[in-house]
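Going letter by letter, the sequence shown gives residues 23 to 169 in my numbering. Each residue gets a CB set at the ideal place from its N, CA and C atoms; glycine is no exception. Bear in mind the structure is a predicted one, so any value in this text is a computation, not a measurement.
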Amino acid sequence: MAVGETPVTVVGTVLTEPEIKRAGAQRHELVTFWVRSNERRFDKGKEQWVDGRPLSVRVTCWRRLARGVHSSLHKGDPVIVNGRLYCQFADSGQARVVPEVEACAIGPNLAFSTAPVQRGEDGGHGSSQTAGTGDCPSVAAEAVPVA
23 MAVGETPVTV
33 VGTVLTEPEI
43 KRAGAQRHEL
53 VTFWVRSNER
63 RFDKGKEQWV
73 DGRPLSVRVT
83 CWRRLARGVH
93 SSLHKGDPVI
103 VNGRLYCQFA
113 DSGQARVVPE
123 VEACAIGPNL
133 AFSTAPVQRG
143 EDGGHGSSQT
153 AGTGDCPSVA
163 AEAVPVA
């Protein structure tokens, strides 16, 4: 992990259908989608669960993880996303900050769903070319802004 990185795990629901595209000079697969996490807490006075503050983040993932997400997850699915938190600054007529997680790992939240596990072509192990990268590359030099 690099100095200044902010590791984060977001537990929530897929808000938008994962969209696949190619980006960068080498045209790597890139998937983007939004996840929403709703804080819930038990109010002892009311003796019931109440909604707290929501969090919505854009998630990006690359290469093998992107392919797996695109073929496995859909809008409404409960997920767990682990990665690095960043802020993208967008200016489409009005300046705004967009929280974004560059994901290293994504999976279904099995507390709220079931999912059969099917290993990839390499048996779930990275090739020597991608071993150790966790499919979470530093692509700042070739990253293309995603709107």
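Quiz item: Where D65 and T35 are concerned, what is the direct C-alpha to C-alpha distance, given to the nearest angstrom?
Solution: 23 Å
Self-check item: Beta-carbon proximity check, V120 vs V91, cutoff 8 Å
Solution: no
Practice problem: For V81, collect the residues of the same chain with a Cβ closer than 6 Å to its Cβ; drop the 5 residues on either side in sequence, then sort them by chain order. | Solution: F55, V57, V103, V123, A125
Quiz prompt | Rounded separation between E39 and D113 - CA only | solution = 24 Å
Quiz item: In angstroms, rounded to a whole number, what distance separates the CA positions of E51 and H96?
Solution: 17 Å
Quiz item: Tell me, which residues are paired with F111 by DSSP?
Solution: V119
Quiz item: Should T28 be labelled buried (16 or more other beta-carbon atoms within 10 Å of its own) or exposed?
Solution: exposed
Exercise. Taking all protein chains shown into account, decide if W84 is buried (16 or more other Cβ within 10 angstroms of its Cβ) or exposed.
Key: buried
Practice problem: May I ask you to report which of helix, strand or coil DSSP gives H85? | Solution: One detail in the question is off: residue 85 reads as Arg in this sequence, not His. Reduced to three states, the DSSP call for R85 is helix.
Practice problem: Give the DSSP-derived three-state secondary structure of V91 in the structure shown. | Solution: helix
Quiz item: Which two residues bound the contiguous beta strand (DSSP E) that contains A45?
Solution: 41-45
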